[in-house]
Amino acid sequence: MKEDALIELIQNKIPKPKKHGILGIGDDCAVIPGRGSNSWVITTDLLTEGVHFDLKTTNAFDLGYKSLAVNISDVASMGATPRYSFLSIALPLKTPGSWIKRWTDGFREISKKYNVCVLGGDTNRSQSGIAINFCVIGEASTAQIKLRSGARPGNLICISRPVGKAALALKLKVRGSRTEMGKALHRPEPEVKMGKLLGKSKAVTAMMDLSDGLARDLPRLLKASKVSGQIELDSLPVTSTLVRECKRLRIPPLEIAASGGDDYALLFTVKNPQFVSLRRRILRTLKREIFCIGSISEGKGKLTWTQNGKHCKLSLNSFEHF
Ligand code: ADP
Ligand code: MG
0 MKEDALIELI
10 QNKIPKPKKH
20 GILGIGDDCA
30 VIPGRGSNSW
40 VITTDLLTEG
50 VHFDLKTTNA
60 FDLGYKSLAV
70 NISDVASMGA
80 TPRYSFLSIA
90 LPLKTPGSWI
100 KRWTDGFREI
110 SKKYNVCVLG
120 GDTNRSQSGI
130 AINFCVIGEA
140 STAQIKLRSG
150 ARPGNLICIS
160 RPVGKAALAL
170 KLKVRGSRTE
180 MGKALHRPEP
190 EVKMGKLLGK
200 SKAVTAMMDL
210 SDGLARDLPR
220 LLKASKVSGQ
230 IELDSLPVTS
240 TLVRECKRLR
250 IPPLEIAASG
260 GDDYALLFTV
270 KNPQFVSLRR
280 RILRTLKREI
290 FCIGSISEGK
300 GKLTWTQNGK
310 HCKLSLNSFE
320 HF
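Numbering (numbering that gives the first Met the number 0), first residue to last: 0 to 321.
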């Protein structure tokens with residue numbers, strides 16, 4: 000059974016939330032309305048040794064940082080501010096104390112950066128590898144929470160930063176986070192400021208973060224919004240380092256960018272007439288560019304790729320658990 004089918008099975012087995020405003024399975028975070036005009040958004044992500052990380056290429060500090068970063072990224076993708084977290088770990092008996100200490104230094108660094116306090120968790124022994132699970136709770140004005148389901152025909156599809164670096168780093172088994180590509184894979188930065196700005200904008204209709212790669216994540220947004228989408232491969236933003244490395248390895252850089260994985264960029268849709276002013280506002284406030292990569296059309300969740308305006312097919316596969 001594939002990952003999405005398994006989640007759908009679980010979703011169909013459990014009762015739907017009854018209270019108005021509660022949002023369960025299907026978005027980057029669940030949403031629970033608070034008492035006033037704010038809501039809580041809640042997410043949890045499990046990282047397992049051998050699947051999400053390899054101790055030969057990542058160090059304890061970076062892993063600590065990343066294990067919280069990927070959850071903060073889900074909160075950012077709702078347009079919310081991360082606030083609290085819970086941490087559960089399973090460690091093999093042989094895990095050295097010095098490794099564990101460096102790992103806690105890593106997540107302390109990012110928790111200080113974004114003001115996320117750890118309120119609890121659980122600790123267990125593992126008979127096989129390391130497993131790390133953070134749950135992060137964020138807060139946002141209910142009106143500014145962005146879901147995957149808001150995209151409408153005519154909207155533009157945008158991303159918040161260049162993609163593909165982490166996927167290439169994984170392919171090349173890059174060690175540590177000192178290089179541009181190593182940093183993208185081992186110490187990704189969640190888009191907290193960008194997410195909040197996009198959350199506040201009425202021009203933004205839907206949003207999610209990219210964790211499994213554009214080719215896998217965008218269809219999820221399309222399906223949730225009941226629309227189709229078209230991406231122009233040539234418009235995907237890639238850095239010169241990625242292009243250079245891909246040339247050396249004879250890998251098409253745009254395909255790496257499209258199938259990606261571990262990007263943690265924000266993927267969002269914008270009302271076409273407001274795109275230019277949104278882009279200008281973000282440039283002014285964050286000194287950052289946003290990138291229009293395609294458009295939404297009527298349809299049933301189909302994603303098509305074009306290059307130079309002509310239909311094309313991707314040959315690389317995105318990440319799939321099962
Ligand atoms: P993300 O990549 O943003 O973390 P996922 O693809 O992991 O999102 O999950 C998609 C949706 O499915 C989320 O709403 C998540 O809460 C839900 N989900 C994933 N795994 C399970 C599970 N085992 N039980 C219930 N819900 C799940
Ligand atoms: Mg996500």
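For each residue, glycine too, the CB sits at the ideal point set by N, CA and C.
- Short of 7 Å from the beta carbon of Tyr83, and not among the five residues preceding or following it, lie these beta carbons of its own chain, in chain order: Val115, Cys116, Leu118, Ile136.
- Taking 4 residues as the shortest admissible run, the region 249-315 contains the following complete alpha helix (DSSP H) segments, listed from N- to C-terminal end: 252-258, 274-285.
- Straight-line measurement puts the Cα of Lys201 at about 36 Å from the Cα of Ser176.
- DSSP links Met207 through a beta bridge to Leu266.
- Look at the region 129-215 and you find these whole runs of beta strand (DSSP E), each 3 residues long or longer: 130-140, 155-158, 203-208.
- Closer than 7 Å to some heavy atom of the ligand ADP: that does not describe the Cβ of Ser97.
- Under the DSSP assignment, Gly119 falls in the beta strand (DSSP E) whose first and last residues are 116-124.
- Within the model, the alpha-carbon separation for Leu171 versus Lys164 is close to 11 Å.
- In the three-state reduction of the DSSP assignment, Asp61 falls in the helix class, which pools H, G and I.
- Between the region 152-162 and the region 84-94 there are fewer than three inter-stretch CB-CB distances shorter than 8 Å, so the stretches are not counted as touching.
- For Gly78 against Gln10, the beta-carbon gap comes to about 23 Å, at or over 8 Å, which does not count as contact.
- Relative to the non-hydrogen atoms of the ligand ADP, the Cβ of Ile136 never comes closer than 7 Å to any of them.
- Nearest to Ser87 by alpha-carbon distance, out of Trp98, Leu265, Thr103, is Thr103.
- DSSP, read as helix, strand or coil, puts Arg107 in helix.
- Judged by the Cβ position, Asp211 qualifies as a neighbour of the ligand ADP at the 7 Å threshold, a heavy atom of the ligand being closer than this.
- Check the Cα spacing between Ser72 and each of Ala223, Leu54, Met206, Arg151: the tightest is with Met206.
- For Leu5, the enclosing alpha helix (DSSP H) has its first and last residue at 2-12.
- Taking the Cβ atoms as the reference, Cys311 lies roughly 13 Å from Ser234, outside the contact range of under 8 Å.
- Just so you know, the alpha carbons of Lys55 and Ala166 end up roughly 17 Å apart.
- Leu45 is a Cβ neighbour of Asn132, given a cutoff of 8 Å.
- Listed as beta-bridge partners of Thr80 by DSSP are Glu138.
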